[in-house]
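Peer 1: Going by the working numbering, the sequence shown opens with residue 13, and the numbers climb by one from there. No residue lacks a Cβ here, since even glycine has one placed at the ideal position from N, Cα and C. Computed from a prediction, not measured in an experiment: that's the story for all the values here. Mind looking over this structure? Questions follow.
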Amino acid sequence: MAVEKIFRQSQAEGVLLMRMVVKGILSVQSGDNPRIVEQKFNTFIAPKLRQLTEEEG
Numbered sequence: 013m014a015v016e017k018i019f020r021q022s023q024a025e026g027v028l029l030m031r032m033v034v035k036g037i038l039s040v041q042s043g044d045n046p047r048i049v050e051q052k053f054n055t056f057i058a059p060k061l062r063q064l065t066e067e068e069g
């Protein structure tokens, strides 16, 4: 059971990573400003974690 749960979580993380890569490539290809790209990536991060990264600078 635990192995299946880890496998499913790993698959979900892989899908999320691929979505981020595609969104980043499309943003760069369309000439988006780096700040816009950052905002797009922030949509993938939970708000609680987003606050932690903003505080770190």
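At which residues does the alpha helix (DSSP H) containing residue 48 begin and terminate?
Peer 2: 46 to 54
Peer 1: Helix or strand or just coil, what does DSSP make of residue 14?
Peer 2: helix
Peer 1: Quick one: measure Cβ to Cβ for residue 53 and residue 30, integer angstroms, because I've assumed they're closer than 8 Å.
Peer 2: So it is not a contact: roughly 14 Å between Cβ atoms.
Peer 1: Let me know the secondary structure DSSP gives residue 57 once reduced to three states.
Peer 2: coil
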